[in-house]
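Here is the structure we will look at.
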Amino acid sequence: MADCIFCKVVAGEIPATIVKRTDRFVAFRDINPQAATHVLVVPTYHVASLEQVKDAAMLGDMLLFARDLAREAGVAERGYRVVVNTNPDGGQTVYHLHLHLLGGRFMGWPPG
Ligand code: 5GP
Ligand code: ZN
Numbered sequence: 217m218a219d220c221i222f223c224k225v226v227a228g229e230i231p232a233t234i235v236k237r238t239d240r241f242v243a244f245r246d247i248n249p250q251a252a253t254h255v256l257v258v259p260t261y262h263v264a265s266l267e268q269v270k271d272a273a274m275l276g277d278m279l280l281f282a283r284d285l286a287r288e289a290g291v292a293e294r295g296y297r298v299v300v301n302t303n304p305d306g307g308q309t310v311y312h313l314h315l316h317l318l319g320g321r322f323m324g325w326p327p328g
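In terms of our numbering, the sequence shown opens at residue 217 and continues consecutively.
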């Protein structure tokens with residue numbers, strides 16, 4: 217999608233620190249990290265938010281991709297949080313589906 221910043225990250229048109237890439241998903245460091253480990257995971261095709269997703273298998277695989285990243289980052293044993301902000305009240309600001317993988321500190325509850 218032409219004006220989507222995460223499509224541009226996937227395409228290599230804007231710089232990002234890529235952590236892992238497959239033909240289906242790209243993981244890269246959040247530009248404004250909220251924890252020592254703060255990685256975004258996006259599908260390589262454009263889908264605006266969780267509300268638009270039809271492909272359940274893609275969602276499951278994306279979640280396992282994030283789980284594997286947590287292990288590789290060394291935060292899995294202590295713990296981590298995976299977040300999908302959806303639409304305005306969910307705090308979504310970039311409308312290309314993404315998981316936040318947050319780890320390396322204690323995550324409070326409830327979130328802000
Ligand atoms: P949302 O609020 O939509 O759940 O999360 C969007 C996230 O994308 C935010 O945490 C924000 O810091 C991050 N972000 C926004 N623009 C860029 C960018 O150009 N590059 C990277 N790496 N992260 C971005
Ligand atoms: Zn996109």
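Here a beta-carbon is modelled for each residue, glycine too, at the ideal position from N, C-alpha and C.
Legend entry - Own chain, CB closer than 8 Å to I221, minus 5 neighbours either side, in chain order: To locate residue 221, count along the sequence shown from 1; it is residue 5. Same-chain partners within the cutoff: I230, V310 and H312.
Legend entry - Distance between beta carbons of L317 and L285, contact taken as under 8 Å: Counting from one through the sequence shown, the residue named residue 285 turns up at place 69. Counting from one through the sequence shown, the residue named residue 317 turns up at place 101. Sure, about 6 Å apart at Cβ, within 8 Å.
Inset, instruction - For the alpha helix (DSSP H) containing I221, list its first residue and its last residue. - result: For this step, residue 221 is matched to residue 5 along the sequence shown. Taken as a continuous stretch (DSSP letters only), the alpha helix (DSSP H) holding I221 covers I221 to A227.
Inset, instruction - Check each candidate in A282, Q308 and V291 and name the one with the smallest Cα separation from G320. - result: For the purposes of this step, residue 320 is taken as residue 104 along the sequence shown, with counting starting at 1. Of the listed residues, the one whose Cα sits closest to G320 is V291.
Legend entry - Secondary structure of P259, DSSP reduced to three states: Stepping through the sequence shown from its first residue, residue 259 is reached at position 43. In this structure, P259 counts as strand in the three-state DSSP scheme.
Legend entry - Selection from G276, Q308, R245 and D305 that minimises the alpha carbon distance to A289: Here residue 289 is taken as the residue at index 73 of the sequence shown, counted from 1. A289 has its Cα closest to that of R245, out of G276, Q308, R245 and D305.
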